[in-house]
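Numbering (UniProt numbering), first residue to last: 1 to 655.
In what follows, a structure is listed as structure tokens, so that the remarks can point back to it.
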Amino acid sequence: MLSSWLSAKNVFNIAIWSRSNVRACLFAWIIFFCTSCCDATATDIALDAKATLTHRIDSLNLLVYTFLLTLTVLTIWLFKHHRVSWLHETGLAVIYGLIVGAAIRYSGSSTPLVHLEVEPEADARFNQTLPPDTLWLKFPGKLTPNGSDPIENKTYAYAFRSQVYDVVENEIDLKATFDPEIFFNIILPPIIFHAGYSLKKKYFFRNLGAILTFAILGTTLSAFLIGALMYGFVKLMPTYLSSSFTFLDTLYFGALISPTDPLTILAIFHDLNVDVNLYALVFGESVLNDAVAIVLSGAIQNYGEHYSRTGEFETYAFFRALGDFFGIFMLSLLIGAMMGCFTALLTKFTRVRDFPLLESALFVLMSYSTFLIAEASELTGVVAVLFCGICQAHYTFNNLSENSRTRTKEIFELLNFLAENFIFSYIGVSMFTFPKHHFDAVFIITGFICAAIGRAVNIYPLSWLLNLNRKPKISSNFQHMLFFAGLRGAMSFALAIRNTLSEARQTMLTATSLIVIFTVVIQGGAANFFLNWLQIPVGVDEEIEQLNNYQVRSVYNSMENTTNASNGYLQDCGEMESNSVASNSGNASSSKRNEKAVLARLWGSFDTKYMKPLLTHSRPTLLETLPVCCNPVARLLTTTEQLTQSDNNFRNFHL
């Protein structure tokens, strides 16, 4: 019995000892495994830490620009509250950006970037003249602590960014800048679309001939004149600079510095209601010359890449590039107009208006897809989205529900405001943080002079030609104001920063940035003084402006109403100056047939008879305007709403 008990006890002890042994062995194996893999684990931990640091700096970068926008909004409110008119929001955004950029550049410490110089082997298979798109970097293997088993190599991919010119960068400098493609693909589309969507067509089409002359012919003349003058000045400059520039480079500079910026013009006149014809000329020209400039700059690049062999002037290459200019512009315009009309048809023949949220989402997506379709087709998205916005405002807007009309107007107004001020804040910040600036005082001063000469050639000779057969004529005061309103802004900067690979392009970026800053801050701040000095009518006073939610277009809004309604509104406000403007609007309405451009009159007749009945619920219907033989097709394209509404209802459609 005792022996049996002892045997059982021994077995029990052995079992306990075996369990303890297993646990100890398992623990020892875990320790050994962790020790053997510590080198690889340490690498992964370091990579995770680097990714975390990158995320933190990205968040800090976005926080900086969010803070700048918030500060700009609060300062704008303060200025409006105290009726300060000598500095506008774009100038504020630039100034705040300069301050923050200087603080990032010269204060505090940041993590330096680690650079590794890599040279291709002599027998490498890559023998192209251009650098590769990506670089696969293999780290050499390391031995384990026992010196026997090597750790497997790891390969990392690096993307092409730009050429380096002995630039010392740090983490925050790099992260305080953005890929230039962000401007073209994300920031610019809503801005340009808003310019077309908010366009007041009445006085735009009344001055269409002058606007097209200034925007197309004037911008092209200005670009070529600036390019030729800059090329002549560059050849007289020191050798180190003249050898960096070709005629193609100076011509590209002329194209990017010629356009005026509709965003800046709107900011200047934000609290002013100038004469409606002057407003139409300034706004219409600045909207269209952005589109002309981007197509012209693309044609110049095609000239150098596909046609010219030396970069100097060649007659054959010039006419090929000129053909590209007109072809790309017209095809981009066609895509934008077709997408706008297609959206109008969708909203007319479907009941998507019963769901305002879906209707607004469809409107935004169709509008943005216009830009992407044009870019994917190697055309110009800016031109396409501009004319898409014009067509959406002219046709699609009439088919939308009341909720969607309000929502789309407010969405794009908000996006325009935020994007506009973001760009000008970024211009200020990038003056100190963007690593590809190249300062040359001679080139910068010459750029200022040539830009002013180019603007003068755009305005004064063409105004003289227009006045030969124009009623009312463009007065000398209006011409001076048109010259003064030629501020440079977002489009010039976006074109300049898009390519900074060469020293010439870097010099152009610096000169463009300084011209933009000077014109926005100095000329923009002096706009009110210059208007008073030229004795140009400015419409209503500040009290009237505070009652108007769309201050920059208040004159246009008053002109869209009847003359009696405008006079009644202004008399209730008790402002003599406003009454004068209302009286002028009545006179303008009575003589609009004589003043409207011939092209606008022809298009207006065709639009009323065929386009609006096709794309909207407007009347007269196609059954009334098309020949009788087309009645079956006309009936398919006519909605019940068009047939049942009264004749007076269609006159109330938003124009």
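C-beta: ideal position from N, C-alpha, C; glycine also.
Model, not experiment: these values are computed from the prediction.
Minimum Cα-Cα distance from Ile373 among the listed residues Ile57, Pro189 and Thr134 corresponds to Pro189. Below 8 angstroms, enough C-beta pairs join the segment 503–517 and the segment 244–252 to call them touching: three or more.
Excluding its 5 nearest sequence neighbours in each direction, Ile459 has C-beta neighbours in its own chain below 6 angstroms: Gln479, Leu482 and Phe483, listed in chain order. Annotated as distal: Val94 and Phe529, with beta-carbon spacing of 7 angstroms or more. In this structure, the straight-line span from the alpha carbon of His88 to that of Trp77 is close to 11 angstroms.
The beta carbon of Ser401 lies closer than 7 angstroms to those of Arg353, Pro356 and Glu359 in the same chain, with the five residues before and after it left out. When rounded, the separation of the alpha-carbon atoms in Leu296 and Thr644 is 48 angstroms.
Take the alpha-carbon of Met230 and the one of Ser222: they are about 12 angstroms apart. The Cβ atoms of Thr519 and Arg488 lie closer than 7 angstroms to each other.
Non-local C-beta neighbours of Leu281 in its own chain, meaning closer than 8 angstroms and more than five positions away in sequence, comprise Asn207, Ala210, Ile211, Phe214, Ile474, Phe478 and Leu482, ordered along the chain. In the structure shown, the three-state DSSP call for Leu462 is helix. Here Asp179 is exposed, its C-beta having fewer than 16 other C-beta atoms within 10 Å. Just so you know, the alpha carbons of Gln523 and Thr52 end up roughly 44 angstroms apart.
By the neighbour-count definition (other C-beta atoms within 10 Å, threshold 16), Cys450 is a buried residue. Here Trp533 carries a helix assignment [DSSP, helix/strand/coil].
As for any alpha helix (DSSP H) of minimum length 4 sitting wholly inside the segment 172–236, the runs are 188–197, 201–206, 208–212 and 219–236, ordered along the chain. In terms of CA proximity to Glu641, Pro620 leads the group Asn631, Thr625, Cys629 and Pro620. Taking 7 angstroms as the cut-off, the Cβ atoms of Thr408 and Ala344 do not count as close.
Bounds of any alpha helix (DSSP H) do not take in Asn499, whose DSSP letter is neither H nor E.
Taking every protein chain shown into account, the CB of Met330 has fewer than 16 other CB atoms within 10 angstroms, so this residue is exposed. Non-local C-beta neighbours of Ala600 in its own chain, meaning closer than 6 angstroms and more than five positions away in sequence, comprise Phe205 and Leu208, ordered along the chain. Annotation: the continuous alpha helix (DSSP H) that includes Val287 extends over Val276 to Asn302. Counting only runs of 4 or more residues that sit fully inside the segment 362–406, the alpha helix (DSSP H) segments are 381–391, in chain order. For Thr433, the closest alpha carbon among the candidates Ala228, Ala102 and Leu60 is that of Ala102.
The closest CA to that of Asp275, considering only Tyr610, Glu624, Leu531 and Cys630, is found on Leu531. Between Pro120 and Ser492, the beta carbon gap of about 38 angstroms keeps them out of contact (Cβ cut-off 8 angstroms).
Scanning Phe247, Asn289 and Asp290 for the CA closest to the CA of Gln301 turns up Phe247.
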